[in-house]
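Sequential numbering of the sequence shown, starting at 398, is according to our numbering. For every residue, glycine included, the Cβ atom is placed at its ideal position computed from N, Cα and C. Computed from a predicted model, the values in this text were never measured in an experiment. The next block holds one structure in the form of structure tokens; read it before the comments.
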Amino acid sequence: MNVAGTPASSERETTSRGRVTMGLIVGLVPLAGLLLLFSFTATAEIDSPDAFPGWRDNLSSLALFPLVFGVATLLGALAATLRASRRVRPFGAVVCGLLLVAACYRAYTLAPMLKCWGHDSIARHADGSYACADR
Numbered sequence: 398m399n400v401a402g403t404p405a406s407s408e409r410e411t412t413s414r415g416r417v418t419m420g421l422i423v424g425l426v427p428l429a430g431l432l433l434l435f436s437f438t439a440t441a442e443i444d445s446p447d448a449f450p451g452w453r454d455n456l457s458s459l460a461l462f463p464l465v466f467g468v469a470t471l472l473g474a475l476a477a478t479l480r481a482s483r484r485v486r487p488f489g490a491v492v493c494g495l496l497l498v499a500a501c502y503r504a505y506t507l508a509p510m511l512k513c514w515g516h517d518s519i520a521r522h523a524d525g526s527y528a529c530a531d532r
């Protein structure tokens, strides 16, 4: 504080940087979660052949793009978390870490479907393999 009782400029800069960092974290983490959720739901019918047997529209490419954008958003949120205060870092790191684990699992489940990229329809067999066809 200076003589007049107002905060010094360095304190204001620190406060504003903290607000921007928290705004980034609060904005990017839910956006990344929604993108990952959309990636999971785009191929929910293909992932469960017992509940939805038969041929389905191939939405694997539609599921890939939100996954990539979600991971990029998570990396941005993680970078913002590293600049956050010591109280925020553990919470932000845990949430980003859990979402990154979900993204890795999604990439693992989506990878076998991508062999059918150029086809219109896809079906999953009981053994976990995928068949591609053009209707």
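Close Cβ partners of residue i (< 6 Å) along its chain, the five nearest in sequence each way excluded
i           : result
residue 477 : 418, 421, 422
Per DSSP, the bridge partner or partners of residue i
i           : result
residue 529 : 519
residue 453 : 519
Nearest-angstrom Cα separation, counted from residue j out to residue i
i           : j           : result
residue 506 : residue 416 : 37 Å
residue 521 : residue 503 : 16 Å
residue 479 : residue 485 : 9 Å
residue 492 : residue 526 : 32 Å
residue 488 : residue 475 : 11 Å
residue 442 : residue 524 : 16 Å
residue 559 : residue 444 : Residue 559 is absent from the model: the chain starts at 398 and stops at 532.
Sequence-distant residues of its chain with Cβ nearer than 8 Å to residue i (five each side left out)
i           : result
residue 517 : 454, 455, 530, 531, 532
Cβ neighbours of residue i in the same chain (closer than 7 Å, five flanking residues each side left out)
i           : result
residue 497 : 471
residue 429 : 467, 470, 471, 474, 496
Limits of the unbroken alpha helix (DSSP H) element including residue i
i           : result
residue 444 : 441 to 444
residue 493 : 486 to 507
Proximity of residue i and residue j at Cβ, strictly below 7 Å
i           : j           : result
residue 490 : residue 433 : no
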